[in-house]
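Residue numbers (full-length UniProt numbering): 1 to 49.
The next block holds one structure in the form of C-alpha cells; read it before the comments.
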C-alpha cells in the first residue's frame with residue numbers, strides 16, 4: 001500500500017489512487033494545525049462563505 005501524503009501528491013499534481021493512504025504527513029499536519037490555531041478553522045473552507 002502506498003503511504004504517501006495525499007496533500008503532497010496534490011501539490012505535485014498527482015491524483016491519489018484508490019490504494020494510496022490519503023493520509024497526511026507530518027509537514028502538512030503541522031501546517032494545518034498552525035493554520036487552525038491562528039484562524040480557528042480548517043483551511044480551504046473559504047468557498048463556503
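We treat Cβ as the ideally placed atom computed from N, Cα and C, and that holds for glycine.
What is the residue span of the alpha helix (DSSP H) that residue i lies within?
i          : result
residue 38 : 26-39
residue 5  : Segment: none, residue 5 is in no alpha helix (DSSP H) and carries neither H nor E.
Any idea what DSSP makes of residue i, helix, strand or coil?
i          : result
residue 19 : coil
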